[in-house]
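Asks: One structure, pasted below without further comment.
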Amino acid sequence: MRWIATLAALMAAVGLSGAQPPPDHAAQAVGVKVCIYEPQKTTKTAYTSVCKEYCAADYSPLAILKRCCGLSGCDGPCPPLPLVKTVLVKKAVPGPDKMACVLKELPAVIAPPAN
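Read left to right, the sequence shown gives residues -19 to -1, 1 to 96 (mature numbering (1 follows the signal peptide of the UniProt record, and there is no 0)).
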């Protein structure tokens, strides 16, 4: 019997007493939640390669020596023709649709009061 009184005192101190006002259901019009099986869009990663042209100065010792001696075809450190490099490109593309269960809330229907 003592433990019931101790438990009631502890619940009152914590705020878990059973004397709480009932919730106002008219103000909390909550719809019905339903699981629906619907498609979801997915993406997948696709990789491709692209050739890009670029210019890069040639500062190697042989190129500097050629420029100093006048054996180079141009005035500056740039090569006469553009260089080509292959670049890897990563792209997100649409994938196949995947079916999944999704939780949806249906709108609440409140019946009019009967007179």
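All C-beta atoms, glycine included, are put in the ideal place defined by N, C-alpha and C.
Just to confirm, are residue 80 and residue 40 a CB contact at a threshold of 8 Å?
Replies: No, they are not a contact pair.
Asks: Among 22, 13, 36, whose alpha-carbon lies nearest the alpha-carbon of residue 75?
Replies: Considering only alpha carbons, the answer is 22.
Asks: Quick one: which unbroken alpha helix (DSSP H) runs of 4-plus residues sit fully inside the stretch 5 to 82? Chain order, please.
Replies: Counting only runs of 4 or more, we get 42 to 50.
Asks: Tell me which same chain residues have a C-beta within less than 8 Å of the C-beta of residue 6, skipping the five on either side of it?
Replies: A caution first: residue 6 carries a pLDDT of 49, below 50, which makes its placement in the model unreliable, though a value can still be read off. Excluding sequence neighbours, residue 6 sits near nothing in its chain.
Asks: Cα-Cα, which of 32, 48, 16 is closest to residue 60?
Replies: Closest by alpha carbon: 48.
Asks: Looking at the structure shown, is residue 84 part of a helix, part of a strand, or coil, going by DSSP?
Replies: Strand.
Asks: Between residue 66 and the rest of its own chain, which residues show a CB-CB distance below 7 Å, the 5 nearest in sequence each way excluded?
Replies: So the qualifying residues of the chain are 33, 35.
Asks: Report, in whole angstroms, the separation of the C-beta atoms of residue 30 and residue 83, which I expect to be a contact under 8 Å.
Replies: Not a contact, Cβ separation roughly 38 Å.
Asks: Which same chain residues end up closer than 8 Å to residue 14 when comparing Cβ atoms and leaving out the 5 residues on each side of it in sequence?
Replies: Excluding residues within five positions, the ones whose Cβ falls inside 8 Å are 84, 85, 86, 87.
Asks: Can you tell me the Cα-Cα spacing of residue 73 and residue 16, whole angstroms?
Replies: Taking the straight line from one Cα to the other gives about 30 Å.
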